[in-house]
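S.K.: What follows is a single structure, and I will ask about it in a moment.
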Ligand code: TYD
């Protein structure tokens, strides 16, 4: 059992902001300092949550999920992930770096999807005892720059990525509002620049958490 304290970092932002690349770079930097690090993602991260992920991103049937069912599925996937992977890792004294967490549900389902923050927060309280990251890294960039990165990525859009530009603008506005309301909990990071430049901004934004 390590004496070091495990820390929980979540990466958030719109599609194409570079969350996965930056999660990997941060994990490498922390491991180089001798820290144990688990990198994971949402929806997913455990076998059960990965199964729910495919239901969410590729809904069976034409109609897709209702907004309420969608929010419940995200919360269910998160409950499994928190109980089976995130809390045990933190309890061992290791770091968890998660590509998206509950603030994605607050921005997508609560904000853009219209369910409201109270409903999403209540689901998280029930499902995951309200677990919060030690810091949320919000990667922010202009819509036009992200659109360019997404078309370069070239993968077919999933059920959520494929929603309207207005939906994704509402997601970005909701993330912005969440960060403004909790300046201690969120670090807003400019996502434009080389991966190394963005990585340096992120390291500076969590420096106070590194032992
Ligand atoms: P993914 O391909 O992992 O995301 P990204 O585009 O960031 O690489 O797909 C996850 C999708 O699910 C993405 O469109 C955001 C959405 N999502 C929600 O709507 N609510 C949530 O709580 C989470 C975790 C993700």
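Numbering (my numbering), first residue to last: 2 to 212.
Virtual Cβ for every residue (Gly too), placed ideally from N, Cα, C.
(1) Assign residue 209 to one of three DSSP states: helix, strand, or coil.
(2) Considering residue 104, what are the terminal residues of the alpha helix (DSSP H) in which it resides?
(3) Which first and last residues belong to the alpha helix (DSSP H) in which residue 53 is found?
(4) Measure the alpha-carbon distance for residue 92 versus residue 20 and round it to whole angstroms.
(5) Out of 197, 75, 186 and 208, which one is the CA nearest neighbour of residue 11?
(6) Excluding the 5 residues preceding and the 5 following residue 206 in the sequence, name in chain order all residues of the same chain whose CB lies nearer than 8 Å to its CB.
(7) Please work out which residues of its chain come closer than 7 Å, Cβ to Cβ, to residue 8, disregarding the five sequence neighbours upstream and downstream, and give them in chain order.
(8) Can you tell me whether DSSP reads residue 158 as helix, strand or coil?
(9) Among the residues of its own chain, which have a CB less than 8 Å from the CB of residue 208, if the five just before and after it don't count?
(10) Quick check on residue 112: does DSSP put it in helix, strand or coil?
(11) Do residue 77 and residue 53 have their CB atoms nearer than 8 Å?
(12) My output table needs one value for residue 41: the three-state DSSP class, helix, strand or coil.
(13) Where does the unbroken alpha helix (DSSP H) through residue 135 begin, and where does it stop?
(14) Tell me whether residue 196, by its Cβ, gets closer than 7 Å to a heavy atom of ligand 1.
(15) Could you please give the first and the last residue of the uninterrupted alpha helix (DSSP H) stretch that includes residue 189?
(16) Can you say whether residue 173 is buried or exposed, counting buried as having 16 or more other CB atoms within 10 angstroms of its CB?
(17) Comparing alpha-carbon positions, which option in 35, 50 and 36 lies nearest residue 42?
(18) Which stretch, first to last residue, makes up the alpha helix (DSSP H) that contains residue 128?
M.R.: Reading from the atomic positions:
(1) Of the three classes helix, strand and coil, the one that applies to residue 209 here is helix, per DSSP.
(2) Run containing residue 104: 103-106, per the alpha helix (DSSP H) assignment.
(3) Here the alpha helix (DSSP H) through residue 53 covers 48-58.
(4) When rounded, the distance between both Cα atoms is 25 Å.
(5) If we check each option's Cα against that of residue 11, 186 comes out closest.
(6) In the same chain as residue 206, and ignoring 5 residues on each side of it, the C-beta atoms closer than 8 Å to its own belong to 136, 138, 188 and 190, in chain order.
(7) By the criterion of a C-beta distance shorter than 7 Å, residue 8 is surrounded in its chain by 96, 135 and 210, once the five residues flanking it on both sides are discounted.
(8) Correct three-state label for residue 158: coil.
(9) Residues of the same chain with their beta carbon placed closer than 8 Å to that of residue 208 are lacking, with the five preceding and five following residues left out of the count.
(10) Of the three classes helix, strand and coil, the one that applies to residue 112 here is helix, per DSSP.
(11) Contact flag set, yes.
(12) When DSSP states are grouped into helix, strand and coil, residue 41 belongs to the strand group.
(13) Counted as a single uninterrupted DSSP element, the stretch harbouring residue 135 is not any alpha helix (DSSP H), since DSSP gives it neither H nor E.
(14) It does not: the Cβ of residue 196 is nowhere closer than 7 Å to a heavy atom of ligand 1.
(15) Premise fails: residue 189 lies in the beta strand (DSSP E), 187-191, not in any alpha helix (DSSP H).
(16) Flag for residue 173 reads buried.
(17) When each option's Cα is compared against that of residue 42, the closest is 50.
(18) Under the DSSP assignment, residue 128 falls in the alpha helix (DSSP H) whose first and last residues are 118-129.
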